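>
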Amino acid sequence: MNNIESPIDVETKINQLKSEAKVCASCGLSLTRKHVIFGNGDPHTKLMVVAEGPSATDENTQSPFTGPAGDLLDDVLAVNGLHREEIWLTNIIKCRAAVWNGRQLKNRPPKASEIKACTKWLSGEIAIIMPHVILCMGSPSAKTIMGKDFRLIEQRGTWFNNTGHASFVSATYNPAFVLRMEKKEFVQGRQILINDIAEAKQKLTENPLASQLTLF
Numbered sequence: 001m002n003n004i005e006s007p008i009d010v011e012t013k014i015n016q017l018k019s020e021a022k023v024c025a026s027c028g029l030s031l032t033r034k035h036v037i038f039g040n041g042d043p044h045t046k047l048m049v050v051a052e053g054p055s056a057t058d059e060n061t062q063s064p065f066t067g068p069a070g071d072l073l074d075d076v077l078a079v080n081g082l083h084r085e086e087i088w089l090t091n092i093i094k095c096r097a098a099v100w101n102g103r104q105l106k107n108r109p110p111k112a113s114e115i116k117a118c119t120k121w122l123s124g125e126i127a128i129i130m131p132h133v134i135l136c137m138g139s140p141s142a143k144t145i146m147g148k149d150f151r152l153i154e155q156r157g158t159w160f161n162n163t164g165h166a167s168f169v170s171a172t173y174n175p176a177f178v179l180r181m182e183k184k185e186f187v188q189g190r191q192i193l194i195n196d197i198a199e200a201k202q203k204l205t206e207n208p209l210a211s212q213l214t215l216f
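Yeah, the sequence shown ends on 216 if you go by this note's numbering, and it's all consecutive.
Listed below in structure tokens is the structure:
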């Protein structure tokens with residue numbers, strides 16, 4: 001019996017999940033959001049990139065990774081011969097985490113309860129797409145995927161194959177974080193993104209069992 005889903009099945013399931021997420025009211029972010037920003041890209045890909053959450057620009061475009069951070073992501077992907085349409089881009093939360101500052105909403109880190117409430121959508125994306133490789137961008141997404149004890153500074157670039165989410169999982173910097181670096185550090189941070197994406201691309205061709213065997 002063939003258990004491999006057809007492309008139509010995958011697209012139908014991801015679109016159904018997106019429709020359900022669009023009306024989610026599981027946490028307080030539903031009261032301040034403009035739009036639910038679901039993942040996008042190619043649902044048939046084996047490379048998933050997961051970051052923290054939507055920005056103000058993302059709310060306006062209704063797509064993840066737009067604005068300056070999205071431009072940097074497109075840049076480092078292109079250096080590796082990749083385009084966002086070929087991978088799956090998503091966040092651990094689908095609504096912008098923000099707080100009123102006078103008359104304006106200001107970005108803030110998502111609360112643990114908000115991340116937990118949104119886990120079902122990320123889990124659903126992973127279950128449908130079944131990525132071979134997940135690259136987390138930033139500490140919040142890394143901790144969500146690999147556990148709260150993960151430390152980005154010490155463990156960036158380390159590949160894990162026991163997370164239960166994909167054959168290979170690793171973490172790199174969030175492009176938004178790199179953009180805040182000074183000129184010299186920015187050049188270094190951009191190169192780190194390029195190198196980490198290159199490794200993720202390479203992992204797409206590797207057998208997870210063979211990788212495990214090299215550890216002993």
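Glycine residues also receive a C-beta, built at the ideal position from the N, C-alpha and C atoms.
Here the structure is a predicted model, which means the values were calculated and not measured.
1. Report the rounded CA-to-CA distance for Asn80 versus Leu122, giving the unit in angstroms.
2. Can you give me the start and stop residues for the alpha helix (DSSP H) that Gln104 sits inside?
3. Could you check whether Arg96 and Ser55 sit closer than 8 Å to each other, using their CB atoms as the reference points?
4. Along the chain, where does the alpha helix (DSSP H) containing Thr57 start, and where does it finish?
5. Considering just the uninterrupted stretch of the beta strand (DSSP E) at Val50, what are its terminal residues?
6. On the DSSP letters alone, give me the boundaries of the alpha helix (DSSP H) that Val79 sits inside.
7. Between which two residues does the alpha helix (DSSP H) carrying Ala112 extend?
8. For Ile134, which residues in the same chain have their Cβ closer than 7 Å to its Cβ, ignoring the five residues on either side in sequence?
9. For Leu193, does the three-state DSSP call read helix, strand or coil?
10. Secondary structure at Ser170, three-state DSSP: helix, strand or coil?
11. Does the CB of Asn15 have a neighbour CB from chain C at under 8 Å?
12. Going by Cα to Cα distance, which pick from Pro175, Lys120, Thr90, Glu154 is closest to Thr26?
13. The beta strand (DSSP E) that contains Thr90, what's its start and end?
14. Considering only the alpha carbon of each residue, which of Lys22, Asp42, Gly67, Asn161 lies closest to Leu179?
15. Using the rule of at least 16 other Cβ atoms within 10 Å of the residue's Cβ for burial, across every protein chain shown, is Met1 buried or exposed?
16. Excluding the 5 residues preceding and the 5 following Asn174 in the sequence, name in chain order all residues of the same chain whose CB lies nearer than 7 Å to its CB.
17. Among Arg33, Ala112, Thr172, which one has its Cα closest to the Cα of Gln104?
18. Verify whether the separation of the beta carbon atoms of Trp88 and Gly39 is less than 8 Å.
19. Starting from Leu179, trace the alpha helix (DSSP H) both ways and give me its first and last residue.
20. Under 8 Å: do the region 176-190 and the region 153-165 share three or more Cβ pairs, one atom per stretch?
21. Among Lys18, Ser19, Lys203, whose alpha-carbon lies nearest the alpha-carbon of His132?
22. How big is the Cα-Cα spacing for Leu193 and Thr12?
Once the coordinates are examined:
1. 26 Å
2. Here Gln104 belongs to no alpha helix (DSSP H); instead the beta strand (DSSP E) covers 104-107.
3. yes
4. 56-61
5. 47-51
6. 67-79
7. 112-129
8. Met48, Val50, Ile145, His165, Ala166, Val169
9. helix
10. strand
11. As a matter of chain content, chain C is missing from the structure shown, which is built from one protein chain.
12. Strictly speaking, residue 26 in this sequence is Ser, with Thr absent from that position. It is Lys120.
13. 88-91
14. Gly67
15. Unreliable positioning characterises Met1 in this predicted model, as indicated by a pLDDT of 40, which lies under 50. The coordinate reading is nonetheless provided below. It counts as exposed.
16. Ala51, Glu52, Met137, Gly138
17. Arg33
18. yes
19. 175-179
20. no
21. Lys203
22. 32 Å
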